[in-house]
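This report concerns only the one structure given below.
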Amino acid sequence: MQIAVASGKGGTGKTLVSTCLLRVLGDRNSVLIDTDVEEPNAGVVLMQLAQKTTKVSRLVPEIDLKSCNLCGECAEICNFNALVVLGDKVLVFNELCHSCGACSYLCPLRAIKEVEHPIGVIEEAQLPSYGTLLTGRLNVGEAQSPPLIKATKSQKATSTLRIIDCPPGTTCAMIESISDSDYCLLVTEPTPFGLHDLELSLEAIEMLDIPGGLVINRWQGEDGELAALSDKTGFPILGRIPFSPELAEAYMQGKDPLEAMPSLRGILTDIFSQIKGVLS
Ligand code: SF4
Ligand code: SF4
Numbered sequence: 001m002q003i004a005v006a007s008g009k010g011g012t013g014k015t016l017v018s019t020c021l022l023r024v025l026g027d028r029n030s031v032l033i034d035t036d037v038e039e040p041n042a043g044v045v046l047m048q049l050a051q052k053t054t055k056v057s058r059l060v061p062e063i064d065l066k067s068c069n070l071c072g073e074c075a076e077i078c079n080f081n082a083l084v085v086l087g088d089k090v091l092v093f094n095e096l097c098h099s100c101g102a103c104s105y106l107c108p109l110r111a112i113k114e115v116e117h118p119i120g121v122i123e124e125a126q127l128p129s130y131g132t133l134l135t136g137r138l139n140v141g142e143a144q145s146p147p148l149i150k151a152t153k154s155q156k157a158t159s160t161l162r163i164i165d166c167p168p169g170t171t172c173a174m175i176e177s178i179s180d181s182d183y184c185l186l187v188t189e190p191t192p193f194g195l196h197d198l199e200l201s202l203e204a205i206e207m208l209d210i211p212g213g214l215v216i217n218r219w220q221g222e223d224g225e226l227a228a229l230s231d232k233t234g235f236p237i238l239g240r241i242p243f244s245p246e247l248a249e250a251y252m253q254g255k256d257p258l259e260a261m262p263s264l265r266g267i268l269t270d271i272f273s274q275i276k277g278v279l280s
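For the sequence shown, position 179 (counting from the first letter as 1) is numbered 179 according to this note's numbering, and the numbering increases by one without interruption.
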C-alpha cells in the first residue's frame, strides 16, 4: 500500500504525520520516501544519517559543432526553449531541458548526442525496526525535481507499506509525488491560512482519481472552515492531532513525538483503519 502525505502549504506537520505513521505502522519491509527534494527533512526528524548514496542524472543534449550546420531545426522542435542558435553556436540551457530526446532524434545531421546531467542523489538509511528511509536530495541550482522524485520512488517498489512525504502545494513535484498512490492524506491546520492552497491540493488529488482525506494538526477543539470544506469536497476529516506545546518541543528536539503525546499512536492507527476501510 502506498500512502502519500501532502499539504496545501508548508509547515502544517506533514513530516510529523509521515514519520509517525512509519513509527506506528512500519516493519522491516516498510519504506518512508521523502520526495520534498528541495528541502528534505524526514532524516533530520528521525535523526538518521544515510548509509548509502546513489547519484541520479537525466539526459540532456550535447551538440557536436563539427557536424552541425546551424540549421536551427532543434531550436524549433524544442517546446521548452532549451536550445538557441546564436551566431556560430547552438546554446543548450540544461535547466530548461525536459530530457524528452526530440532534438537528438530529429536532428537531420545527427549532430546531437544525449549526455548525463547530474541532478541529485538518493540517500538510503536503515531505521531501527520500522523500515527504510529514502531521501531524494536535489542539487543546488537544479530546477527540475520530478525526474529525481520519480527515481527515488522507483526504489524498493515491493515494500508492503510505502509512505511518501510529499512537497507542499500543487506543483509538478507534488503531482509526481502523489501519483500512483493508493491514498493521499492532506495535513492541514484549523486556520484560514492556506485554505485556498488546500482546496487546490484537493482538486489535484481528485483530478488524479486518488482517494483522500484530511488530518487536522494543532487542533484546538474546533474544525473551523475545514468542516465546510470537507462537506463541500467530500474529502472526510480522518483525524485530529491536538495542539500540544510538549509535542512541538519534543519534535523540535528530535525526540520521539509518540512519547510526548502517547494518544498520537491511537489517532494514527485509527486514520490507517479508515484508509484500509476505503481501500477494501
Ligand atoms: S538540428 Fe542539428 S544540425 Fe541543425 S542546428 Fe540543431 S544540432 Fe545543428
Ligand atoms: S531533449 Fe527535449 S527538452 Fe531537451 S533540449 Fe532537446 S527537445 Fe528540448
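Note that CB positions come from ideal geometry on N, CA and C, so glycine has one too.
Measuring CB to CB, does residue i end up less than 8 Å from residue j?
i: A75; j: C97; result: no
i: M261; j: L238; result: no
i: P61; j: S104; result: yes
i: Q2; j: R240; result: no
i: V90; j: I63; result: yes
i: T170; j: S201; result: yes
i: E116; j: S154; result: no
i: F243; j: Q220; result: yes
i: L59; j: D88; result: no
i: G26; j: G131; result: yes
If I measure Cβ to Cβ from residue i and keep anything under 6 Å in the same chain, skipping five residues before and after, which residues do I get?
i: A102; result: I77
i: L198; result: G8, T188
i: V278; result: P211
Is it buried or exposed, residue i, if we count other Cβ atoms within 10 angstroms and call 16 or more buried?
i: P118; result: exposed
i: S30; result: buried
i: D165; result: buried
i: A111; result: buried
i: P245; result: exposed
i: L285; result: Limits of the chain in this structure are 1 at one end and 280 at the other, which puts residue 285 out of reach.
Cutting at 7 Å between CB atoms, please list the residues of its own chain near residue i, excluding the five before and the five after it.
i: I149; result: T35, V37, G136, A173, E176, S177
What residues in its chain sit with their C-beta under 8 Å from that of residue i, if we drop five residues either side in the sequence?
i: Q51; result: E124, A125, Q126
i: D256; result: R23, A250
i: L49; result: G43, A125
i: G254; result: V44, V45, M47
For residue i, which beta-bridge partners are listed by DSSP?
i: I163; result: I3, L32
Could you tell me how far apart the beta carbons of residue i and residue j are, in whole angstroms, since I believe they sit closer than 8 Å?
i: C184; j: I216; result: Not quite, the Cβ-Cβ distance comes to about 15 Å (not below 8 Å), so this is no contact.
i: L214; j: L186; result: 5 Å
i: N94; j: G120; result: Contact flag wrong, Cβ pair sits at about 14 Å.
i: P168; j: K14; result: 7 Å
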